[in-house]
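Just so we're aligned, residue 30 is where the sequence shown starts under the numbering used here, counting upward by one.
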Amino acid sequence: MKKQADSTSLAANRTMVAHMLTLLWKNFTLKRRHVGATVFEIALPCLFVLLLGALKHLVDDVAVPAGWSDSSNHDSDTTGTTYNLFDPSGFSLSAIPTELPKWTQYETSVTGLLWYMARLSVVDGVRLNELSTRDYTACTVGVALHGYVDTNSSSESSVPSECGGRVVPYKLAVVPDNAFTREYFTQTMEIWYPRVNLVNDSTSLQVASLRESVAFFDTEDALEEYVKGKSYDSSLENPRIYGGIVFDKYPTDSDIGSFSSIEYTLRLNSTETDSGALGLIPPTNGDAAAL
30 MKKQADSTSL
40 AANRTMVAHM
50 LTLLWKNFTL
60 KRRHVGATVF
70 EIALPCLFVL
80 LLGALKHLVD
90 DVAVPAGWSD
100 SSNHDSDTTG
110 TTYNLFDPSG
120 FSLSAIPTEL
130 PKWTQYETSV
140 TGLLWYMARL
150 SVVDGVRLNE
160 LSTRDYTACT
170 VGVALHGYVD
180 TNSSSESSVP
190 SECGGRVVPY
200 KLAVVPDNAF
210 TREYFTQTME
220 IWYPRVNLVN
230 DSTSLQVASL
240 RESVAFFDTE
250 DALEEYVKGK
260 SYDSSLENPR
270 IYGGIVFDKY
280 PTDSDIGSFS
290 SIEYTLRLNS
300 TETDSGALGL
310 IPPTNGDAAA
320 L
């Protein structure tokens, strides 16, 4: 029975090969009988490619500078413009009856997230109305627009002292706290996401670096205990946690830099408010929900 099946399969393969050879011979014969049409079919696409290449040399190259632009105007036809940071471009919100500049939108990237976290720190500030006008401006502008979110008081990008402890920045938790997360992961991400300074004639918008926006924890249990603890969100030494990344499998110190398997878990904030809705700030009464 098996030999019969093998013979049938072999015969089918031979039939297919013979059929393909017949089709190839037929096409070769047709092309040979119509040499002019064959040459035209090959030469016409090549001619169009050469024509497009020649036309390209008749157009000047336009150099587009890197970064943001303060204006939508350009000096010459060979100089392009970058994206105008302060161009409203029709963006609006239903609750705000005016067009907003595009920089009010945060993009779905790490840079956009870092800037959003800085703004959110100001939005969730407590008793900001108790500050003087001067201190309020220095605090909110410093954190939201200049990205001063570092909890290290000796840093040039530390949270302004004018905030008086009323603004506690959000951080991204990194677990565990070891050579891999500090010397490899964070340093690599710091190269990709450094402090970004967007300069305009009237103001200066800065986005905090990733290194200034992370907090390290030894274990995942330590992260959960911190979020549920009474000291959470109480001072600059106890910042809020927006989310976290937990490395479940990572290379040892000797394997850092070589090909190794890495497994991680993203921990997103699922804290419940008093009404039962998901929020960012734990309730002050009762047991806070785990991160």
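Even for Gly, the Cβ is constructed at its ideal location relative to N, Cα and C.
Local conformation of residue i per DSSP, three classes
{"i": "Thr-58", "result": "helix"}
{"i": "Glu-292", "result": "strand"}
{"i": "Val-243", "result": "strand"}
{"i": "Leu-265", "result": "coil"}
{"i": "Val-64", "result": "helix"}
{"i": "Gly-119", "result": "Residue placement at Gly-119 is flagged as unreliable, the pLDDT there being 48, under the threshold of 50; a coordinate-derived value is accordingly withheld."}
{"i": "Lys-85", "result": "helix"}
{"i": "Leu-73", "result": "helix"}
{"i": "Thr-108", "result": "strand"}
{"i": "Ser-187", "result": "strand"}
{"i": "Leu-160", "result": "coil"}
{"i": "Lys-259", "result": "coil"}
{"i": "Ile-285", "result": "coil"}
{"i": "Val-203", "result": "strand"}
{"i": "Asp-250", "result": "helix"}
{"i": "Asn-42", "result": "helix"}
Expected contact under 8 Å - CB spacing of residue i and residue j to nearest Å
{"i": "Arg-269", "j": "Tyr-213", "result": "Their Cβ separation, rounded to whole angstroms, is 26 Å, which puts Arg-269 and Tyr-213 out of contact at 8 Å."}
{"i": "Phe-276", "j": "Thr-210", "result": "7 Å"}
{"i": "Val-236", "j": "Val-225", "result": "4 Å"}
{"i": "Arg-296", "j": "Ala-147", "result": "That belief does not hold up - the Cβ atoms of Arg-296 and Ala-147 are roughly 21 Å apart, past 8 Å."}
{"i": "Gly-194", "j": "Ser-264", "result": "6 Å"}
{"i": "Asp-90", "j": "Thr-108", "result": "Their Cβ separation, rounded to whole angstroms, is 10 Å, which puts Asp-90 and Thr-108 out of contact at 8 Å."}
{"i": "Lys-14", "j": "Thr-67", "result": "The structure shown does not extend to residue 14, since the chain is modelled only from 30 to 320, so the question has no answer here."}
Contact check, residue i vs residue j, beta carbons under 8 Å
{"i": "Ser-150", "j": "Val-196", "result": "yes"}
{"i": "Glu-241", "j": "Asp-179", "result": "yes"}
{"i": "Tyr-222", "j": "Leu-239", "result": "yes"}
{"i": "Ser-290", "j": "Lys-278", "result": "yes"}
{"i": "Ala-173", "j": "Ile-285", "result": "no"}
{"i": "Leu-142", "j": "Val-204", "result": "no"}
{"i": "Asp-282", "j": "Phe-246", "result": "no"}
{"i": "Ala-167", "j": "Glu-191", "result": "yes"}
{"i": "Asn-298", "j": "Gly-272", "result": "yes"}
{"i": "Leu-157", "j": "Tyr-165", "result": "yes"}
Identified DSSP bridge partners for residue i
{"i": "Asp-90", "result": "Asp-90 is not bridged to any residue."}
{"i": "Asn-226", "result": "Gln-235"}
{"i": "Leu-297", "result": "Gly-272"}
{"i": "Asp-179", "result": "Ser-187"}
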